[in-house]
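To start, the structure under review is shown below, and the notes come after it.
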Amino acid sequence: MKNDMDGGEAILEAFRKLKIDYIMSSPGSEWSPVWEALVRQKLGNRAGPTYMDSQHETLAVNMATGYTLITGRPQAVLVHAGVGLLQAGLGVHGALQAEVPMIVMSGESQTLGENPDLDIEQQWYGGLSVGGIERYVENITKWARQVTSPYTLYETVIRAGEMAQRTPKGPIYLNVALEHMLHDWTPPAHDRAVPFAPRVAAHASEIEKVSDLLLAAKNPVVVAEQSGRDPAAFAALVELADLLALPVTWSRGANVCNFPTNHPLYLGVANYKHLADADLVLLVGGRVPWYPPHARPTKGKIVAINDNQFKGHMIYQQLHADLYLEGDIAASLQGLTQAARAAKPHADTIKKRRDKWQREHEAFAAGLKAERGKAGNGSGKAIEPLTLIGTLADTMPADTIYVDETILHGPTLRQHLPFTTPQSFFRGFGGLGQGTGTALGVKLAARERPVALLVGDGGFMYNPVIQALGASKQHDLPILIVVFNNKGYQAMQKGHVHHYPDGAAERAKMHLGSRLEGPDYSALGSHFGQHGERVEQPAKLKAALQTALKKVQDGSTAILNVVLSH
């Protein structure tokens, strides 16, 4: 009888030690040792990761990403050989850009049938084994290597998990030979519990320096971009803003909810007009805050607060920072609040500042309301994008988590939808085609909250839609999918006209690559018994959204195909 203590058990035990909750997989034939270990775990009623068949490689990585965006805990993804890793590449690239930690693994055969003592299946000979799969993803992972031997397998997986969690966080790829997994394994003599990565805080003297600048500033402004991924940083920014009456605008590159949109100090998304007069700008979680990059938005000082200021995956970046606070963002903001509170800021100064920015917030909110009113009250013949966004705002529960994969309508929905709680908004990185998987992963981590994927019809076509709907049903992950259907890739046409305003295409109204004749999106879920509805008339929009939401609340994914005016 084969020894149960083999490389498959080594991998699973490493995952247990790393406190991994799920193994997301689009399975491959190299993983039989891990499947065997998982079955032993199940039969033995032993605690450990849950296997989750994700039905597609990109979906597997995106589900891991979505889950980690909510929990902060890295997960494992197992795909098949080089071909599966290539399919997963879009998601891996997105995870790198989003700085999401995870372990991604695939394998190949090293002996290719030439070891008389080990019968390896024949499919590995002839191209499935490429001899160094890690080369495929070296530029889109934090670290990618081949496991050197069965004797280093266990600790290599442990090290990968620990490395993925360190700043800059990101995906680690391991290429593990099937022969290593079939080999006997001896657990380490000295067992240890693997700790999560500790918070690394800025030095107290640096906190004090920035606190002094804040207290001395006459007109400070906050620009927040990626800080809201951590609920502790979200709360810390609210506390600091409340203490010193600091106005906050989300950055132009904000992909998460960084500050409550109903807060009286909130000024909107990329509302940079006030930066010109600011004498101090706190750039919190900045990545791509200014465009064009050379355009410094203020004559005042810019203080960049981040755990990872300079993104190694970006080919170019310009923050214009005069000072840096580096370390855990929540810890930095909490330190600033403590230092400022201890200094006892002048109450009258704070009150005047608060009154000023509250008036600005009220004027901003009134302007948004007027924009929605101008878009119509639902009585027209076509559905305006703002009508759809306003209906979502009025209908969806307050604790909804929105996953955004729109392009043309993205800036508008970020400005108009209410994001009032931590982790209520996520927008992906690295390219279209990842929204469905991310939304499913978010739902897996937050089953008690409604999750809505907002996606353009073009972006929806890039997704592995059928597999995502199947995974949704298989794993009981009901989400609402709202397709912003303008019947085309309007971003393509917009970019073309931008560069060739008087070109042949514009004169002939022949914009190649911009029209899309997609399927009946609302019918796609019917294969899985899921609800779908196509909506073309404004008067029917709210009822259709309410019906779809009820289906989701009852436990089934629903697709709302909303045909827009543009």
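Residue numbers (the numbering used here): 11 to 576.
Built from N, CA and C at the ideal position, the CB exists for glycine as well.
For A314, the secondary structure class from DSSP, reduced to helix, strand or coil, is strand.
Within its own chain, the residues whose Cβ lies closer than 6 Å to the Cβ of K561, once the five positions on either side in sequence are excluded, are H541 and A568, listed in chain order. In this structure, the straight-line span from the alpha carbon of D365 to that of F269 is close to 19 Å. Cβ neighbours of G420 within its own chain (closer than 8 Å, five residues either side excluded): D414 and R437. Here Q444 is buried: its Cβ has 16 or more other Cβ atoms, across all protein chains shown, within 10 Å. Rounded to the nearest whole angstrom, the CA to CA distance from V220 to G99 is 40 Å.
In the DSSP annotation of this structure, the continuous segment of the alpha helix (DSSP H) that includes E67 starts and ends at E67 to T81.
DSSP places S116 in the strand class (E or B) of the three-state scheme. By the beta-carbon neighbour count (other beta carbons within 10 angstroms, threshold 16), R297 is buried.
Per DSSP, M15 lies in no alpha helix (DSSP H) segment and is marked neither H nor E.
Between the region 54-70 and the region 30-46, the count of Cβ pairs shorter than 8 Å is three or higher; the stretches touch.
Y499 carries a coil assignment under DSSP once its states are collapsed to helix, strand and coil. The beta strand (DSSP E) runs of length 3 or more contained entirely in the region 230-291 are, from start to end of the chain, 230-234, 258-260 and 276-279. Judged by DSSP secondary structure, D409 falls outside any alpha helix (DSSP H); it is assigned neither H nor E.
Remark: fewer than three beta-carbon pairs, one from each stretch, lie closer than 8 Å, so the region 450-467 and the region 242-259 are not flagged as touching. In the same chain as L122, and ignoring 5 residues on each side of it, the C-beta atoms closer than 8 Å to its own belong to I130, W134, Y135 and S139, in chain order. Distance from the CA atom of D512 to the CA atom of A518, rounded to whole angstroms, is 10 Å. Q344 is the residue among P303, Q344 and A501 whose C-alpha sits nearest the C-alpha of A211.
Rounded to the nearest whole angstrom, the CA to CA distance from H537 to V475 is 12 Å. In the three-state scheme derived from DSSP, where H, G and I count as helix and E and B as strand, R544 is classed as strand.
Closest by C-alpha distance to V258, out of D338, H273 and N72, is H273. In this structure, S532 sits near E543, with a CB-CB distance shorter than 9 Å.
With three or more CB-CB distances shorter than 8 Å, the region 152-168 counts as touching the region 194-203. Given a length threshold of 3 residues, each whole run of the beta strand (DSSP E) inside the region 326-411 is given here in chain order: 333-336. Taking each of N316, G263, G54 and R382 in turn and checking the Cα distance to L247, the smallest one comes out for N316. Here P181 carries a strand assignment [DSSP, helix/strand/coil].
Exclusion of the five residues before and after F25 leaves P59 and A86 as the residues of its chain whose Cβ lies within less than 6 Å of its Cβ. The C-alpha of I489 is placed about 39 Å away from the C-alpha of G137.
Residue burial annotation: T359 is exposed, with fewer than 16 other C-beta atoms found within 10 angstroms of its C-beta. Here DSSP, grouped into helix, strand and coil, assigns A86 to strand. For I130, there is no enclosing alpha helix (DSSP H), as DSSP gives it neither H nor E. Following the DSSP letters along the chain, one finds M34 inside the beta strand (DSSP E) bounded by residues Y32 to S35. Between D467 and F494, the C-beta gap is smaller than 9 Å, which places the two residues in contact.
In the structure shown, Y161 falls within a coil segment according to DSSP collapsed to helix, strand and coil. Excluding residues up to 5 positions away in sequence, G17, G18 and P43 lie with their Cβ nearer than 6 Å to the Cβ of M191 in the same chain. Cβ neighbours of S575 within its own chain (closer than 6 Å, five residues either side excluded): A392 and E394.
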